[in-house]
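Engineer: Going by my numbering, 179 is the number at position 182 of the sequence shown; the sequence numbering is gapless. All C-beta atoms in this analysis are idealised placements derived from N, C-alpha and C, irrespective of residue type, glycine included.
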Amino acid sequence: MFSASDDPGPSFSDLLRRTRPADALPEGAHSLVITHGTTVLGVRFADGVVMAGDRRATSGNWISHKHMEKVFPADRFSGVAIAGAAGPAIEMVKLFQLQLEHYEKVEGTVLSLEGKANQLGQMVRSNLPAAMQGMAVVPLFAGYDVRRGEGRLFEYDVTGGRYEEQNHVASGSGSLHAGTVVKLGFHEGLTRDETIDLVVNALYRAAEEDSATGGPDLVRGIFPVVATITADGYQRVDDAELRTKVEAIISQEATS
């Protein structure tokens, strides 16, 4: 028992340090190091949507992975981009892919894009207890709605709240910088190439300002994951095309 003036507070580490110093972790140490992934974004264009994400994963102030995948196909006409705790996020994506495949086999038809977005929201909601312990998963969901004939974008909060965005959305630690670049460069009727240029530039600028966002690496051949989702389905953009676009950005930087 502690008096009001001697209360160690809500931190279990501080309580252990006060009552059993021999068993306590050093000041500032953490018993659980969680790998996090950032930054991801989605942009709507004339024929569908583009999803993109950088390749860096961090554990605290450490770079734990330099080529992490953050954008995945959910099924033929939709995709998921993950930000937050990497382990639970990747597990959630795999389970989501399995559920969509199972629904199609059982029902004999594909779940609507709205239904897919709702299903992912329920999965995010079920992760709330883990999110309260620091393992939050905040995905982006996008797809081509074959019934409407257009691309659609959805974002979530940690409680599973689902919100549809009209034109563009970003998530992760670099979302402020990436989202600003996209907001300034977006206009109705963007072509595929223009949209890819926009998201590559947005991630490049975010990497300049946010240490958790990884920039392109021309030496190692590490480029963002970029995918288009149109009436032709989910298609990942080749690294060769991305290299050309990154080199153009660097060339412009050198001459400006």
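How far does the alpha helix (DSSP H) with T287 in it reach, from first residue to last?
Structural biologist: Limits of the chain in this structure are -2 at one end and 253 at the other, which puts residue 287 out of reach.
Engineer: Given R189, which residues of its chain have a CB within under 7 Å of its CB, disregarding the five upstream and five downstream residues?
Structural biologist: Excluding residues within five positions, the ones whose Cβ falls inside 7 Å are F42, D44, T225.
Engineer: Return the CA-CA distance between H27 and G57, expressed in angstroms with no decimal places.
Structural biologist: Model confidence at H27 stands at a pLDDT of 49, short of 50, so the residue's coordinates are unreliable; what they give is reported in the following sentence. Spanning the two alpha carbons is a distance of roughly 10 Å.
Engineer: Just the Cα atoms here: how many angstroms apart are V135 and V121?
Structural biologist: Near 7 Å, if we compare the C-alpha coordinates of V121 and V135.
Engineer: Give the single residue among G39, R52, G157, V40 whose Cα lies nearest to the Cα of A209.
Structural biologist: Among G39, R52, G157, V40, the Cα nearest to that of A209 is on R52.
Engineer: Can you give the Cα-Cα distance for M65 and L97, rounded to whole angstroms?
Structural biologist: Using only the alpha carbons, I get a separation of about 24 Å.
Engineer: For a minimum of 3 consecutive residues, which ranges assigned as the beta strand (DSSP E) are wholly contained in the stretch 171 to 239?
Structural biologist: With a minimum length of 3 residues, the continuous beta strand (DSSP E) runs that stay inside the stretch 171 to 239 are 222 to 227, 230 to 233.
Engineer: Select from S0, V47, H33, T16 the residue whose C-alpha is nearest the C-alpha of V166.
Structural biologist: Closest option to V166, Cα to Cα, is V47.
Engineer: Quick check on R144: buried or exposed, where buried means 16 or more other Cβ atoms within 10 Å of its Cβ?
Structural biologist: Classification of R144: exposed, given that the 10 Å Cβ count is below 16.
Engineer: With a 10 Å radius around its C-beta and 16 neighbouring C-beta atoms as the bar for buried, classify L173 as buried or exposed.
Structural biologist: When all chains shown are included, L173 counts as exposed.
Engineer: For the alpha helix (DSSP H) that contains V134, what are its first and last residues?
Structural biologist: Note, V134: premise wrong, no alpha helix (DSSP H); not H, not E.
Engineer: Would F93 pass as a contact of L108 if the rule is Cβ separation under 8 Å?
Structural biologist: No, these two residues do not count as a Cβ contact at 8 Å.
Engineer: Do E250 and the ligand NAD come close, with the Cβ less than 7 Å from some heavy atom?
Structural biologist: By its list of ligands, the structure shown contains no ligand whatsoever, and the ligand NAD lies outside what it can speak to.
Engineer: According to the neighbour-count rule (16 or more other Cβ atoms, all chains shown, within 10 Å of its Cβ), is K242 buried or exposed?
Structural biologist: K242 should be labelled buried.
Engineer: Secondary structure at M48, three-state DSSP: helix, strand or coil?
Structural biologist: It is a strand residue.
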